[in-house]
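One structure below.
4 protein chains.
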Amino acid sequence: MAPGDDRKVTGLVAATFTPLDAQGEVNLSVIGPYVDYLTEKQGIKGIFVNGTTGESMSLSVAERKVLAEEWCLRAKGRMDYVIVHVGCMSLKDSQDLARHAAKIGADGIAAISPSFFKPKTAEALRRFLQEVASAAPTLPFYYYQIPSFTGVNVPVKDVIEDIEKLIPSFRGVKFSGGDLLDFGQCVGYSQPHWSVLYGMDEQLLAGLAMGANGAVGSTYNYMGCYVDEMISAFETKDLVKARTIQFKIQELLNYAIKLGFDTGVNKQLMSDVSGLHLGPPRLPLMPCSPDLAQLLLQKYHSIFD
Amino acid sequence: MAPGDDRKVTGLVAATFTPLDAQGEVNLSVIGPYVDYLTEKQGIKGIFVNGTTGESMSLSVAERKVLAEEWCLRAKGRMDYVIVHVGCMSLKDSQDLARHAAKIGADGIAAISPSFFKPKTAEALRRFLQEVASAAPTLPFYYYQIPSFTGVNVPVKDVIEDIEKLIPSFRGVKFSGGDLLDFGQCVGYSQPHWSVLYGMDEQLLAGLAMGANGAVGSTYNYMGCYVDEMISAFETKDLVKARTIQFKIQELLNYAIKLGFDTGVNKQLMSDVSGLHLGPPRLPLMPCSPDLAQLLLQKYHSIFD
Amino acid sequence: MAPGDDRKVTGLVAATFTPLDAQGEVNLSVIGPYVDYLTEKQGIKGIFVNGTTGESMSLSVAERKVLAEEWCLRAKGRMDYVIVHVGCMSLKDSQDLARHAAKIGADGIAAISPSFFKPKTAEALRRFLQEVASAAPTLPFYYYQIPSFTGVNVPVKDVIEDIEKLIPSFRGVKFSGGDLLDFGQCVGYSQPHWSVLYGMDEQLLAGLAMGANGAVGSTYNYMGCYVDEMISAFETKDLVKARTIQFKIQELLNYAIKLGFDTGVNKQLMSDVSGLHLGPPRLPLMPCSPDLAQLLLQKYHSIFD
Amino acid sequence: MAPGDDRKVTGLVAATFTPLDAQGEVNLSVIGPYVDYLTEKQGIKGIFVNGTTGESMSLSVAERKVLAEEWCLRAKGRMDYVIVHVGCMSLKDSQDLARHAAKIGADGIAAISPSFFKPKTAEALRRFLQEVASAAPTLPFYYYQIPSFTGVNVPVKDVIEDIEKLIPSFRGVKFSGGDLLDFGQCVGYSQPHWSVLYGMDEQLLAGLAMGANGAVGSTYNYMGCYVDEMISAFETKDLVKARTIQFKIQELLNYAIKLGFDTGVNKQLMSDVSGLHLGPPRLPLMPCSPDLAQLLLQKYHSIFD
């Protein structure tokens with residue numbers, strides 16, 4: 002049975018970080034408070050777990066399972082959607098995680114393209130995604146594109162054409178690239194029960210102008226409330242206000258990029274803004290230096306307070 | 002004396018093709034009718050000559066001069082702005098062209114970064130641009146960024162910071178890249194008498210949402226009238242209509258890209274749509290095959306008629 | 002205790018393919034005959050298992066373990082070295098595989114850099130490798146560099162400087178890149194008990210000239226006997242003969258590259274040359290078409306028979 | 002008439018720097034002493050003028066002409082070959098320079114691919130080169146490949162196949178790339194009257210092993226005498242000695258690269274080693290800082306004295 006069409010994803014979805022303890026082990030105890038923080042302080046109603054922000058590629062399959070379970074458990078009744086990212090380099094592992102996601106009551110699954118062996122054609126990528134999705138046919142399936150990490154430049158439009166013939170549970174895309182020609186073509190082609198979600202936080206306003214149904218990103222963990230204002234301004238056609246908020250977000254990210262931004266630094270900023278103890282990233286990401294952490298937190302407050 | 006501030010560039014600027022005859026020589030006789038076509042059929046009021054679309058890098062300095070003269074002559078009183086691109090690999094040549102542009106009454110000059118030797122820092126690029134601009138200090142100066150051609154990835158924001166201290170005649174940017182974080186920061190930093198012009202025709206709507214003052218591009222030669230409608234829709238906050246037009250433009254360009262789009266193919270499409278005889282491109286660009294030309298013209302008409 | 006220094010790897014090491022059955026499951030039954038073939042027909046005395054050629058990134062950890070066991074079992078007493086590649090995107094998984102390799106009697110382990118999250122500095126990469134190696138401190142450890150797959154461009158020389166202070170079991174490098182400045186600096190820095198192995202089969206002769214101690218590659222599975230002749234010619238200073246053989250190998254590979262060469266096509270060629278049933282690759286690699294397989298086999302025979 | 006076949010280029014060819022005065026103007030007075038230095042101190046018998054090292058792309062056509070004339074005049078009777086590089090972004094300019102080179106008695110001409118508009122196929126590139134070469138049909142013609150600068154990755158083998166049908170004066174290649182599969186195929190295909198010259202100084206030994214007929218490079222300006230020793234060692238099959246010299250050269254270049262090596266820094270090092278006053282580079286290259294110049298000169302002497 003194909004998934005119900007009454008749960009279209011819209012608005013802001015936070016791509017969650019994975020809490021680790023000081024020894025670098027998964028720290029489930031933070032997840033409850035993390036859900037509290039997102040719902041209460043950032044107004045977030047959807048989460049995307051075990052994605053890039055969640056360092057999923059640095060986790061074992063077993064770790065990803067316990068994390069997915071805990072997120073589903075804690076978010077139950079509090080979030081509208083928990084999308085579990087199940088993409089791995091290995092199809093076997095991805096299928097294993099997809100089956101697991103179905104068992105634990107995830108609201109949807111997503112999969113990234115493998116990136117060590119890169120699919121050479123849209124056809125190869127579609128077949129890979131089909132094999133993943135078919136392991137959990139009752140769950141809405143989302144393709145997660147992020148070429149800056151994967152190096153896979155297959156146009157998303159080519160991936161999604163007639164995709165429901167291969168993947169009846171297909172429900173949308175997390176598009177985390179800068180090619181808005183491709184993005185626009187996806188929006189134009191999108192079916193009413195699909196969600197085309199934009200994933201470059203630093204230029205979400207452009208994605209909205211092009212017709213994005215919503216957004217998935219890491220910075221919504223700590224800037225969700227401001228981005229919600231931006232979306233509201235956009236929806237009421239107050240582009241000047243929307244732009245003002247977007248430029249503030251850009252100012253923070255540009256500052257961070259110049260000083261050396263990565264998922265480890267991002268995680269530290271989230272810890273510092275939220276007060277949650279998310280711990281260090283796992284190697285090969287390096288912990289954020291205390292000096293950099295302080296500079297970023299100051300910048301955050303100077304922009305948003 | 003710095004250039005007057007009363008001539009801020011807005012709206013659509015067509016980056017013109019360079020007419021060649023069958024022997025591959027510059028064909029000035031087409032320029033008069035070309036100006037007629039742009040003004041009468043496409044509603045274009047500004048042109049950017051000898052840019053990428055104009056194959057300037059494939060022209061000699063002498064050819065660029067006679068072309069610039071003819072464009073200025075024919076556009077006089079009919080266009081609001083003729084911006085002459087004077088950027089070359091060689092600073093000497095760029096300065097020569099800048100001085101010439103001042104003599105022939107151009108409304109502004111623009112310069113691209115050299116791309117064989119790439120400036121390694123914003124500082125090196127700023128110094129290059131300063132030397133070019135100072136050869137024609139009375140003309141408004143625009144920096145022309147197009148990283149897909151130059152491979153130069155210096156953030157434009159870093160180039161334009163405090164740039165009037167170095168280049169008093171600085172008046173704006175033609176930003177032809179996809180990094181809308183950088184673009185947004187440029188818009189936010191832009192001075193009231195500057196123009197931040199977006200140069201990726203396939204995603205202009207995103208540029209407008211981010212605050213672009215106008216656009217410079219090659220497709221406005223043959224789609225200017227439709228893009229004008231898109232801009233009007235955007236300005237009246239009819240985003241649905243704006244998006245519909247943008248998606249049509251994307252559909253054409255996406256079709257062309259899949260079949261092999263380049264400046265030579267683009268030039269042929271302009272010839273076929275306009276009826277002007279623009280001739281072949283110069284090597285290393287290859288002439289567009291008749292089959293491809295026919296397919297593109299059909300697609301154009303199927304979308305816009 | 003650090004590993005013994007009496008087992009320096011030299012000569013040709015075949016990077017083995019992973020046999021799959023028609024359903025895409027690991028097919029252990031081929032491994033015995035595979036070892037026979039390599040030793041008897043190709044004169045191979047060392048194997049590198051579960052590497053890129055072995056599609057390790059497309060395998061689950063459990064699959065990699067049973068494969069490593071079977072290779073160690075079948076190669077025992079017949080090969081001089083079985084090096085088990087244990088690198089994964091996840092440090093946890095890599096450590097798990099390293100511990101396992103020690104238990105099953107591997108002669109050494111190797112690890113690639115993670116490539117989804119890319120180490121930003123040599124320091125980050127060294128720390129990752131240290132954590133992997135320390136899980137199997139009695140096994141000789143090799144760093145496996147292959148920037149065309151990983152996108153990690155940290156100079157190998159920067160990785161190996163003073164590396165024994167961090168990794169006492171360090172014994173060498175599989176260098177599968179084209180930067181022979183870096184390679185030469187590694188050879189010059191190499192310690193007597195280290196092996197600097199070159200991994201670009203198409204230009205091994207260049208690696209030998211630069212001082213490689215040996216070679217690891219996929220084509221030695223089916224061209225090992227010819228490459229052995231090339232190495233002998235090089236060692237007896239008959240460069241004309243060595244070059245003649247290298248150019249033949251290049252001719253085959255160049256032909257294959259133009260027709261679309263990847264690990265799936267490579268695997269098919271090995272099946273066809275050896276008569277072993279290695280099966281298809283796993284997605285996202287696609288099976289080699291029968292037509293392409295035939296062309297390559299014909300080319301192989303036309304060159305080497 | 003096609004050029005005589007009795008002047009095959011072999012051995013070391015220095016790619017010369019362009020002397021500028023303090024105002025950044027071409028300084029012809031240094032060229033006589035420069036020829037003296039190369040012949041007397043470095044044992045150089047061939048020069049490649051107005052190439053990448055000579056900053057040709059930063060020079061005007063007129064400057065390139067006076068430079069070519071002076072080099073031909075001063076080198077007459079003292080050098081075996083003066084090859085004048087005539088490649089430009091513009092075919093017109095390249096043809097103009099080719100005709101000029103024939104008039105002033107150059108021994109050969111070379112042309113690089115245009116790199117702003119990049120030829121999309123070998124066919125497009127071949128046609129461009131044909132048009133250049135045909136402007137000076139009596140001069141030996143060489144194709145100059147340097148993908149790190151041009152971004153043009155057309156295999157050289159595809160360019161040179163049956164090239165004499167298009168370019169009867171074709172006599173060889175300056176191959177300045179790292180793809181030794183392509184290089185080897187070029188060597189294997191090369192005709193007896195052609196020269197396949199390698200252009201990556203940091204790994205010339207690899208090029209020699211693959212069968213290079215000689216080398217063209219910038220570092221031979223100040224390390225020619227040492228590289229001659231390396232070539233002699235290679236020719237007498239003393240690979241250990243050849244490698245020792247190659248590693249010294251690599252040590253210097255690696256040191257320079259880490260500190261920021263480019264044509265401007267390279268030029269300063271040449272000035273400092275030779276005592277010639279070559280002046281600064283032209284923008285967008287920046288002058289070498291005195292501190293960096295001193296470090297490099299010290300390193301040079303510490304390695305070679």
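Protein chains in written order, with my numbering: chain A, 2 to 306; chain B, 2 to 306; chain C, 2 to 306; chain D, 2 to 306.
Note that CB positions come from ideal geometry on N, CA and C, so glycine has one too.
Need the endpoints of the beta strand (DSSP E) that residue i sits in, please.
i                   : result
phenylalanine 176/B : 171–176
phenylalanine 1/A   : Lying before the first or after the last residue shown, residue 1/A is absent from chain A, which here runs from 2 to 306.
Let me know the secondary structure DSSP gives residue i once reduced to three states.
i                : result
leucine 140/D    : coil
histidine 86/A   : strand
glutamine 192/C  : coil
isoleucine 105/D : coil
methionine 2/B   : Caution applies to methionine 2/B, whose pLDDT of 37 falls short of 50 and renders its modelled position unreliable; the value that the coordinates give is listed next. Methionine 2/B: coil per DSSP, three-state reduction.
arginine 8/B     : coil
alanine 325/A    : For chain A, the structure presents residues 2 to 306; residue 325/A sits outside this window and is missing.
leucine 198/B    : strand
alanine 213/D    : coil
lysine 300/D     : helix
leucine 21/C     : strand
glycine 218/D    : strand
leucine 260/C    : helix
Strictly under 8 angstroms for the Cβ-Cβ distance: is residue i near chain D by that measure?
i              : result
lysine 238/C   : yes
alanine 99/C   : no
arginine 244/C : yes
leucine 198/C  : no
glycine 52/B   : no
Return no unless some Cβ of chain B is closer than 8 angstroms to the Cβ of residue i.
i               : result
proline 288/D   : no
methionine 2/A  : For methionine 2/A, the predicted structure reports a pLDDT of 38, less than 50, and the residue's modelled location is therefore unreliable. The matter cannot be settled from this model.
leucine 21/D    : no
glutamate 203/A : yes
aspartate 180/A : yes
proline 115/D   : yes
What first and last residue would you give for the alpha helix (DSSP H) that runs through residue i?
i                   : result
valine 50/B         : First-last for valine 50/B: 47–50, but that is the beta strand (DSSP E), not the alpha helix (DSSP H).
alanine 234/B       : 221–236
phenylalanine 117/B : Unbroken run through phenylalanine 117/B: none, as it is neither H nor E.
aspartate 159/D     : 157–161
lysine 77/C         : It is not in any alpha helix (DSSP H) - lysine 77/C carries neither H nor E in the DSSP assignment.
valine 36/C         : 32–42
Quick check: is the beta carbon of residue i nearer than 8 angstroms to any beta carbon in chain C?
i             : result
leucine 167/A : no
lysine 93/A   : yes
Would a check of beta-carbon distances place residue i closer than 8 angstroms to chain A?
i              : result
aspartate 59/C : Note that residue 59/C corresponds to serine in the displayed sequence, not to aspartate. Chain A, which has a Cβ nearer than 8 angstroms to the Cβ of serine 59/C, makes this yes.
Given 8 angstroms, three or more beta-carbon pairs between the segment 242–257 of chain C and the segment 52–71 of chain C: no
Cβ contact (3+ pairs, closer than 8 angstroms) linking the segment 290–303 of chain D and the segment 132–144 of chain B: no
Meets three-Cβ-pair contact criterion under 8 angstroms: the segment 271–281 of chain A and the segment 86–102 of chain C: no
Members of the segment 262–274 of chain B that neighbour chain D once the beta carbon cut-off is set at 8 angstroms: Asp263 and Thr264
Contact residues within the segment 61–74 of chain C, judged by C-beta distance below 8 angstroms to chain A: Ser61, Val62 and Glu64
Cβ pair count under 8 angstroms reaching 3, the segment 20–40 of chain D against the segment 68–78 of chain D: yes
Interface positions of the segment 118–143 of chain C facing chain A (Cβ-Cβ less than 8 angstroms), listed along the chain: Phe118, Lys119, Pro120, Lys121, Thr122, Glu124, Ala125, Leu126, Arg128, Phe129 and Glu132
Touch test, the segment 171–181 of chain A against the segment 156–163 of chain A, Cβ-Cβ under 8 angstroms, three pairs minimum: yes
Stretch pair the segment 213–226 of chain A + the segment 42–53 of chain A: three plus CB contacts closer than 8 angstroms: yes
Contact between the segment 184–196 of chain B and the segment 9–22 of chain B (3+ Cβ pairs under 8 angstroms): yes
Segment contact flag, the segment 108–126 of chain C with the segment 284–294 of chain A, C-beta cutoff 8 angstroms, min 3 pairs: yes
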